[in-house]
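Trainee: Numbering (the working numbering), first residue to last: 30 to 136. Here you go, one structure.
Below, the structure is given as structure tokens:
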């Protein structure tokens, strides 16, 4: 059983986390733009510094969440690839040992 079949669900979760990361980033940008438009009327009331801080926090939160989700999805894919490569390496090493034992016994 190869790792593609063995960890199919885990690979799916990793892919879904990457997709969710992009959705979070887009929604964060949309929320920041929507917040700027909705709070634009407060500019005349002297709330400009508070608006800037609010939008900066909103954008920063979206970016941080994007990176967390994207990196987690990537780590899942890397872990599956490492397991697959480790299994292939072990099989190749075992085959090499058998070949070397065969040569040693024929000498």
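Just so it is clear, CB atoms sit at the ideal spot from N, CA and C, and this is done for glycine as well.
Check for me: the alpha helix (DSSP H) holding residue 54 runs from which residue to which?
Mentor: As a first step, residue 54 must be located in the chain shown, where it is residue number 25. Per DSSP, residue 54 belongs to the alpha helix (DSSP H) from 37-67.
Trainee: Using beta-carbon positions only, say whether residue 109 and residue 40 come within less than 8 Å of one another.
Mentor: For this step, residue 109 is matched to residue 80 along the chain shown. For this step, residue 40 is matched to residue 11 along the chain shown. Yes, these two residues count as a Cβ contact at 8 Å.
Trainee: Measure the C-alpha to C-alpha separation of residue 34 and residue 98 and round it to an integer number of angstroms.
Mentor: Position 5 of the chain shown, counted from the start, is the residue given in the question as residue 34. Position 69 of the chain shown, counted from the start, is the residue given in the question as residue 98. Rounded to whole angstroms, residue 34 to residue 98 spans 24 Å at the Cα level.
Trainee: Which value, in whole angstroms, describes the spacing of the CA atoms of residue 120 and residue 38?
Mentor: Your numbering for residue 120 matches position 91 in the chain shown. Your numbering for residue 38 matches position 9 in the chain shown. The straight-line gap from Cα to Cα measures roughly 24 Å.
Trainee: Within 10 angstroms of its Cβ, does residue 128 collect 16 or more other Cβ (buried), or is it exposed?
Mentor: For the purposes of this step, residue 128 is taken as residue 99 along the chain shown, with counting starting at 1. Looking at its Cβ environment, which holds fewer than 16 other Cβ atoms inside 10 Å, residue 128 is exposed.
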